[in-house]
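Residue numbers for the sequence shown follow the UniProt record's numbering, beginning at 1 and rising by one.
Cβ atoms here follow ideal geometry from the backbone N, Cα and C, with glycine treated the same way.
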Amino acid sequence: MTEDVEEIVVIPGDGIGQEVVPAAQRVLSAVANVEFVEADAGDAVKAETGEALPQATYDLVSEADATLFGAAGETAADVILPLREAVDSFVNVRPARAYPGVDALRPETDLVFLRENTEGVYSGHEDRLSEDLSTLTRVVTTSASERLAEYACDYVQDRDGGFHVAHKANVMRETDGRFRDAVVSVADSRGVETEEVLMDAFATRICLDPTQFDVVVCPNLAGDVLSDLAAGLVGGLGLLPSANVGTERALFEPVHGTAPDIAGQGVANPSATIVSAAMLLEYLGYDDEGQAVRDAVESVLADGPRTPDLGGEATTAGVTEAVLARLD
Ligand code: ATP
Ligand code: MG
1 MTEDVEEIVV
11 IPGDGIGQEV
21 VPAAQRVLSA
31 VANVEFVEAD
41 AGDAVKAETG
51 EALPQATYDL
61 VSEADATLFG
71 AAGETAADVI
81 LPLREAVDSF
91 VNVRPARAYP
101 GVDALRPETD
111 LVFLRENTEG
121 VYSGHEDRLS
131 EDLSTLTRVV
141 TTSASERLAE
151 YACDYVQDRD
161 GGFHVAHKAN
171 VMRETDGRFR
181 DAVVSVADSR
191 GVETEEVLMD
201 AFATRICLDP
211 TQFDVVVCPN
221 LAGDVLSDLA
231 AGLVGGLGLL
241 PSANVGTERA
251 LFEPVHGTAP
261 DIAGQGVANP
271 SATIVSAAML
281 LEYLGYDDEG
291 QAVRDAVESV
301 LADGPRTPDL
311 GGEATTAGVT
321 EAVLARLD
């Protein structure tokens, strides 16, 4: 631990975000010298002020090194898309791993999706041309693809092996062709091995044998869908963390949403958000602290206590206290 105080922006948002973000804050405070700057976003603040994402929140996030975000309900798109832009996030890092002791369809799953985070079919260019016809413009730039590829090359440096590139360039020759060519050429120039995989074939292969994959680089929509598929293999939304990484700052969030069915009951699984906080620590250079948090979560998942989504009867607070106890 250093002498420096790390300032972290926290946005609990709506639903279980209000429960799991404070849990992760307790864990962060236990391992690092952190100070929190609380900010609002989501349905509740919209009901109060008319704005889902107050300018003050946007400004804080666009200047902070790191932000921890919970979830937003109906207003999710109005909140998270601008926030990803506020951190200039060009990659969405989505690890999907199963944990010993937790029921999973494929307990051997352990991979990371590096998803393009700015363009593709999520570029927002949709048009209604007639009563019968709507179109969508898919945007792929060499620069965004190369930036993602550079990140992927850095990412695999400490692992053995290269990465897979998922695409559908056999059909979308121009757009996915450009994506594939840019990614592969950066990897070649960096001496990193790549293997191409058609995204539809990937969906089958990951179900049959997820151990074939370690790091998978994907276009935006494919990364979204395929990482959710992987979430199904590892047994539960309450476990999956993510990071939206930009050049100078990053925003961390659990993959799950507001979980309105269990919100307010104090039984949400805080693991995804606590592991997101571990990614945040590592991003800021606190590798040992991040690893300690991961180890503590893994140990609690293995032995309990567990929240109801994992078959237990523990509360969010109970699980959080067990994680804190294992950090000592
Ligand atoms: P949103 O529109 O905000 O995404 P949703 O209805 O899609 O809300 P999710 O948050 O995506 O809800 O969750 C889907 C399901 O997974 C719900 O049944 C929810 O209870 C469960 N779930 C999600 N996150 C957690 C968690 N952290 N702990 C326990 N269960 C969870
Ligand atoms: Mg959802």
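For P308, name the three-state secondary structure that DSSP assigns. Here residue 308 refers to the residue found at position 308 when the sequence shown is read from its first residue. Secondary structure at P308: helix, using DSSP grouped into helix, strand and coil.
Which residues bound the beta strand (DSSP E) around L240? Within the sequence shown, residue 240 is the residue found at index 240, counting from 1. DSSP places L240 outside any beta strand (DSSP E), giving it a letter other than H or E.
Alpha carbon to alpha carbon, what distance is there between H164 and F213? Numbered from its first residue, the sequence shown carries residue 213 at position 213. Numbered from its first residue, the sequence shown carries residue 164 at position 164. Each residue's alpha carbon lies about 7 angstroms from the other.
Starting from A166, trace the alpha helix (DSSP H) both ways and give me its first and last residue. Against the sequence shown, residue 166 aligns to sequence position 166. Not the alpha helix (DSSP H): A166 falls in the beta strand (DSSP E), residues 163 to 167.
Using the C-alpha atoms, what's the distance from T109 back to A96? If you number the sequence shown from 1, residue 96 lands on position 96. If you number the sequence shown from 1, residue 109 lands on position 109. Distance between the alpha carbons of A96 and T109: 7 angstroms.
Residue from L198, V20, V45 with nearest C-alpha to H256: Numbered from its first residue, the sequence shown carries residue 256 at position 256. By alpha-carbon distance to H256, the top candidate from L198, V20, V45 is V20.
Within this structure, are the beta carbons of G73 and D43 separated by less than 8 angstroms? Residue 73 sits at position 73 when you count from the first residue of the sequence shown. Residue 43 sits at position 43 when you count from the first residue of the sequence shown. Yes; because the gap between Cβ atoms is below 8 angstroms, this pair is in contact.
Helix, strand or coil for R106 per DSSP? On the sequence shown, position 106 is the one that residue 106 refers to. Of the three classes helix, strand and coil, the one that applies to R106 here is coil, per DSSP.
Entirely within the segment 177 to 236 and at least 3 residues each: give me those beta strand (DSSP E) ranges in chain order. Qualifying beta strand (DSSP E) stretches, in chain order: 194 to 198, 215 to 218.
Is it true that the segment 26 to 35 meets the segment 73 to 87, where meeting means three or more beta-carbon pairs spaced less than 8 angstroms apart? Contact between the segment 26 to 35 and the segment 73 to 87 is absent, because fewer than three Cβ pairs lie under 8 angstroms.
Presumed contact (8 angstroms Cβ cut-off) between V215 and V323, rounded CB distance: Position 215 of the sequence shown, counted from the first residue, corresponds to residue 215. Position 323 of the sequence shown, counted from the first residue, corresponds to residue 323. Actually they are not in contact, since the Cβ atoms of V215 and V323 sit about 27 angstroms apart, beyond 8 angstroms.
Would you report the Cα separation of M1 and A278, rounded to the nearest angstrom? As a working mapping, residue 1 is identified with position 1 in the sequence shown. As a working mapping, residue 278 is identified with position 278 in the sequence shown. For M1, the predicted structure reports a pLDDT of 49, less than 50, and the residue's modelled location is therefore unreliable. The matter cannot be settled from this model.
Could you check whether the Cβ of I274 sits closer than 7 angstroms to any heavy atom belonging to ligand 1? Here residue 274 is taken as the residue at index 274 of the sequence shown, counted from 1. No, the beta carbon of I274 sits no closer than 7 angstroms to any heavy atom of ligand 1.
Quick check: what's the CA-CA separation for E63 versus D132? By one-based count along the sequence shown, residue 63 stands at place 63. By one-based count along the sequence shown, residue 132 stands at place 132. Their Cα atoms are separated by approximately 45 angstroms.
C-alpha distance - Y155 paired with V79, whole-angstrom precision: Against the sequence shown, residue 155 aligns to sequence position 155. Against the sequence shown, residue 79 aligns to sequence position 79. Y155 and V79 have their C-alpha atoms spaced approximately 28 angstroms apart.
For S189 and R115, what's the separation of their Cα atoms in angstroms? Looking up residue 189 in the sequence shown gives position 189. Looking up residue 115 in the sequence shown gives position 115. Within the model, the alpha-carbon separation for S189 versus R115 is close to 21 angstroms.
Compare the beta carbon distance of F252 and L280 with 8 angstroms and say whether it is the shorter of the two. On the sequence shown, position 252 is the one that residue 252 refers to. On the sequence shown, position 280 is the one that residue 280 refers to. Yes, the pair counts as a contact, with Cβ atoms nearer than the cut-off.
Return the residue from the list D59, A47, A41 that minimises the CA-CA distance to L53. Here the question's residue 53 lines up with position 53 in the sequence shown. Comparing Cα-Cα distances from L53 to each of D59, A47, A41, the minimum goes to A41.
For V300, tell me which candidate among T316, D287, A76 has the shortest Cα-Cα distance. Against the sequence shown, residue 300 aligns to sequence position 300. Closest by C-alpha distance to V300, out of T316, D287, A76, is T316.
Just confirm the distance between the C-beta atoms of S227 and R138, as a whole number of angstroms; I'd bet it's less than 8 angstroms. As a position in the sequence shown, residue 227 is number 227, starting the count at 1. As a position in the sequence shown, residue 138 is number 138, starting the count at 1. Your pair S227 and R138 does not check out as a contact, with CB atoms roughly 19 angstroms apart and the cut at 8 angstroms.
Beta-carbon proximity list for P210, same chain, < 8 angstroms, skipping 5 on both sides: The residue given as residue 210 occupies position 210 in the sequence shown. R106, E108, T109, D110, L111, A230, L233.
Rounded to a whole number of angstroms, what is the C-alpha to C-alpha distance between S185 and E150? As a working note, residue 185 is residue 185 in the sequence shown. As a working note, residue 150 is residue 150 in the sequence shown. For S185 and E150, the distance between alpha carbons rounds to 10 angstroms.
Which of helix, strand or coil does DSSP assign to P254? Along the sequence shown, read from residue 1 onward, the residue named residue 254 stands at position 254. Correct three-state label for P254: strand.
Helix, strand or coil, according to DSSP, for E126 in the structure here? Translated into positions along the sequence shown, residue 126 becomes position 126. Per DSSP, reduced to three states, the secondary structure at E126 is strand.
Distance, A201 Cα to R326 Cα: The sequence position of residue 326 within the sequence shown is 326, counting from 1. The sequence position of residue 201 within the sequence shown is 201, counting from 1. Near 41 angstroms, if we compare the C-alpha coordinates of A201 and R326.
How long is the line joining the alpha carbons of V297 and E119, rounded to whole angstroms? The residue given as residue 297 occupies position 297 in the sequence shown. The residue given as residue 119 occupies position 119 in the sequence shown. Their Cα atoms are separated by approximately 34 angstroms.
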